Amino acid sequence: MKLYFKYVAMLLKSQMQYKASFIMTASGQFLVSFTAFLGIYFMFSRFHTVKGFEFSEILLCFSIVLMSFSVTECFVRGFDVFPRLIQSGNLDRILVRPRNEIFQVLTSNIEFSRIGRLLQAILMLIYAIPASGIIWTLDKILTAFLMVTGGIAVFSSLFVLYAGFSFFTIEGLEFMNIFTDGSREFGKYPMSIYGEGILKFFTYVIPIALFQYYPLLYLIGRSDNIGLIFLPLMGFLFMIPCYCFFKFGLRKYKSTGS
Amino acid sequence: MIELKNISKTFKVAKRNAGFSEAVKALFKKDYTYIKALQDISFTIGDGEMVGYIGPNGAGKSSTIKIMSGILTPDSGECVINGRIPWKDRIRHVKEIGVVFGQRSQLWWDVPVIDSFELIRDIYNVAEPDYKKTLAQLIELLNICEIVKTPARQLSLGQRMRCEIAASLLHSPKILFLDEPTIGLDAVSKIAVRDFIKTINRENKTTVILTTHDMQDIEALTERILLIGKGRILLDGSLSELKMRNSSHKTLTVDYTGEKLPEYENMSVIKDLNGHAEIIIDTNLMTVSQAISDISANVEIKDISVAGETIDKTVVSLYKEFNI
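If you want it as structure tokens, here you go:
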């Protein structure tokens, strides 16, 4: 863990070498998610509810998903840009160092500029918390907290899965973005509004609804089922097959020339 | 102790012809060819040895190094290094080896080199007193005192390479793999790097395995060479053995005054212009002194030099001999 912070310090030092680039990327990130926010805002100024969800409830959902995603994108960036690691041959360097591979991929890249997106998520949350009219008892706070951590777990797993695929394709697989970036976009609204089929897909195949739709129902008082609070923890189980797949890919690793 | 026995490795490579329509076709149906990168490679390297591993591009040098350093898993065969199988016991194995990839950097690009060194110290868990001692030794031998405080991206290639080598040795590995360490370096840096490699091999008893295309590296450094071509070991022996194979030809370079040289028996004049001539003789047919006296009978010799076959040429002729 101590070593992890040393890596973090190193990457921070490196990225601060390019201050202007950092500030511009971070503000860009902020603006991109802000337009998404505006999209929802203008829609609700016309329709008021979507499938029974109110504006503040949607915002709550969106900010939680965005928060999980931006934290993941910041700290699990190494897996997000994993194809680059293979192409540049830097994976070879990782493999000749006496530390766990997962740990080293995580520390190969941390994208601090994602702080812009995180800031946006925090601002939305600050707005949505009082506006939603939820009475924030201990169980509700726990629910929200587990939603964020479960989200981080699921998004990280997706990144690891994506990295695993790139062992076989070397190039990045754009279709995987449907699940990573796509889930972030889908995740703006509670999964139920897309219909039964999509909800099932995002429950049983890619467990996004587990940290988003179901606990949200409890959070906004649509359901009294206490079990829903802990559903996001299932997201951690999703890590296991993704990790195994990555390990499998690593065994098949071919390295690049020279 | 490094032991490789019957190591083989095959790569599957997608192939297609040039052109857009071919590219579209390849989307749906790919043709694969199998490239035998390594076939039945076996050799043993003892502790403290210094071995040159040579061969043309694509012969399988890097693949062998990658297998020995635990990056690649071979299809078949055994590889035991200091009692461990590299790809099975990766973490413990890599603690005892250092690897320099000449064409890739292991330093963090934007920070001073010394910061990279310190992070590497933590990655390898090197105790502080050991680190200080090793670092002092490396800084002195490689003469990098002035440059370790500079960010890696601002170093020249020669300076960076010296730092790369230092970075690979901070944890005092027992075995050092150098994959083209002198590539792209100028003469001064090359000599500095060579001297350093010699020193650590002698003083620290570090086993050194070196791949290179620079025959001067081999000549200056290694006693033993392994020649690989098309994935097979072609020659495992000493450098002089390699030279012996092809040393019956000598080249005489002569500067003289007088008439143009006549034709000689047993000597072939390959160049003769304005009093400067190059002559090749076969020492099985005549001695060098005989040749010189024959030439001086005709012209006044101002300067003369005798050279054996260069190692470059020897290697090229070996490639031809083995058809690679």
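Sequences listed follow chains A and B, in order. Numbering-wise (our numbering), the first sequence opens with residue 81 and increments by one. Numbering-wise (our numbering), the second sequence opens with residue -13 and increments by one. Heads up, the beta-carbon is just placed ideally off N, CA and C, and yes, glycines get one too. All of these numbers come straight from a predicted model, not from anything done at the bench.
Residues bridged to residue i by DSSP?
{"i": "B:R210", "result": "B:V37, B:S224"}
{"i": "B:H262", "result": "B:D241, B:L259"}
{"i": "B:E286", "result": "B:T243"}
{"i": "B:R218", "result": "B:G215"}
{"i": "B:I267", "result": "B:K236, B:M253"}
{"i": "B:L164", "result": "B:V86, B:L196"}
{"i": "B:T(-4)", "result": "B:K22"}
{"i": "B:G44", "result": "The partner list for B:G44 (beta bridge, DSSP) is empty, contrary to what the question assumes."}
{"i": "B:L(-10)", "result": "B:F29, B:C65"}
{"i": "B:A293", "result": "B:T237"}
{"i": "B:R2", "result": "B:R2 is not bridged to any residue."}
{"i": "B:P137", "result": "B:P98"}
{"i": "A:E134", "result": "A:T129"}
Does any CB atom of chain A fall closer than 7 Å to the CB of residue i?
{"i": "B:I53", "result": "no"}
{"i": "B:V194", "result": "no"}
{"i": "B:I278", "result": "no"}
{"i": "B:D108", "result": "yes"}
{"i": "B:L141", "result": "no"}
{"i": "B:Q92", "result": "yes"}
{"i": "B:L228", "result": "no"}
{"i": "B:L271", "result": "no"}
{"i": "B:I77", "result": "yes"}
{"i": "B:I57", "result": "yes"}
{"i": "B:V(-1)", "result": "no"}
{"i": "B:L105", "result": "yes"}
{"i": "B:D96", "result": "yes"}
{"i": "B:V85", "result": "yes"}
Please decide whether residue i counts as near chain B, where near means a Cβ-Cβ distance under 7 Å.
{"i": "A:M347", "result": "Only positions 81 to 338 of chain A appear in this structure, which leaves residue 347 of chain A out of reach."}
{"i": "A:S193", "result": "no"}
{"i": "A:L92", "result": "no"}
{"i": "A:G395", "result": "For residue 395 of chain A there is no data in the structure shown, the boundaries of chain A being 81 and 338."}
{"i": "A:D172", "result": "yes"}
{"i": "A:K327", "result": "no"}
{"i": "A:L330", "result": "no"}
{"i": "A:S338", "result": "With a pLDDT of 44 at A:S338, under the threshold of 50, the modelled position of that residue is not reliable, and the figure given next carries that caveat. Taking Cβ atoms only, chain B reaches closer than 7 Å to A:S338, which makes this a yes."}
{"i": "A:V161", "result": "no"}
{"i": "A:R179", "result": "yes"}
{"i": "A:L175", "result": "yes"}
{"i": "A:G158", "result": "no"}
{"i": "A:G169", "result": "yes"}
{"i": "A:K86", "result": "yes"}
{"i": "A:Q200", "result": "no"}
{"i": "A:L165", "result": "no"}
{"i": "A:Q109", "result": "no"}
I need the boundaries of the alpha helix (DSSP H) containing residue i, first residue and last residue.
{"i": "A:D160", "result": "157 to 160"}
{"i": "B:N187", "result": "173 to 189"}
{"i": "B:L24", "result": "Looking at the DSSP string, B:L24 is not in any alpha helix (DSSP H); the run it does join, the beta strand (DSSP E), is 17 to 31."}
{"i": "A:P321", "result": "314 to 331"}
{"i": "A:L186", "result": "181 to 188"}
{"i": "A:T115", "result": "99 to 127"}
{"i": "B:A153", "result": "143 to 155"}
{"i": "B:S7", "result": "6 to 14"}
{"i": "A:I195", "result": "195 to 211"}
{"i": "B:S102", "result": "99 to 109"}
{"i": "B:R78", "result": "76 to 80"}
{"i": "A:I309", "result": "307 to 310"}
{"i": "A:N170", "result": "170 to 175"}
{"i": "A:L299", "result": "293 to 299"}
Where do the ends of the beta strand (DSSP E) carrying residue i lie?
{"i": "A:L91", "result": "Segment 82 to 95 is the alpha helix (DSSP H) holding A:L91; no beta strand (DSSP E) there."}
{"i": "B:E64", "result": "62 to 67"}
{"i": "B:T120", "result": "No beta strand (DSSP E) holds B:T120; the alpha helix (DSSP H) holding it covers 114 to 128."}
- Item | Runs of alpha helix (DSSP H) wholly within the stretch 234 to 288 of chain A (minimum 4 residues, chain order) | 261 to 266, 276 to 280
- Query: Are at least three pairs of beta-carbons, each pair with one atom in the stretch 193 to 213 of chain A and one in the stretch 103 to 115 of chain A, less than 8 Å apart?
  - Reply: yes
- Query: Taking one C-beta from the stretch 87 to 107 of chain B and one from the stretch 133 to 146 of chain B each time, how about it: are there three or more such pairs within less than 8 Å?
  - Reply: yes
- May I ask you to verify whether the stretch 114 to 132 of chain B touches the stretch 119 to 138 of chain A, counting CB pairs closer than 8 Å and requiring at least 3? no
- Query: Is the stretch 177 to 184 of chain A touching the stretch 70 to 87 of chain B, taking contact as three or more C-beta pairs under 8 Å?
  - Reply: yes
- Message: Would the stretch -9 to 9 of chain B count as touching the stretch 176 to 194 of chain B if we require 3 or more Cβ pairs under 8 Å?
- Response: no
- Message: Any contact between the stretch 48 to 58 of chain B and the stretch 202 to 210 of chain B? By contact I mean 3 or more CB pairs, one from each, below 8 Å.
- Response: no
- Item | Inter-stretch contact (C-beta, 8 Å, three-pair minimum) for the stretch 137 to 151 of chain B and the stretch 107 to 115 of chain B | no
- Message: Quick check: the stretch 306 to 320 of chain A against the stretch 283 to 291 of chain A, are at least 3 beta-carbon pairs closer than 8 Å?
- Response: yes
- Should the stretch 111 to 122 of chain A be called in touch with the stretch 272 to 279 of chain A, which here means at least 3 C-beta pairs below 8 Å? no
- Mind the definition here: the stretch 233 to 249 of chain B touches the stretch 273 to 289 of chain B only if three or more C-beta pairs lie below 8 Å; say whether that holds. yes
- Task: Determine contact between the stretch 252 to 269 of chain A and the stretch 232 to 241 of chain A, defined as no fewer than three beta-carbon pairs at a distance below 8 Å.
- Result: yes
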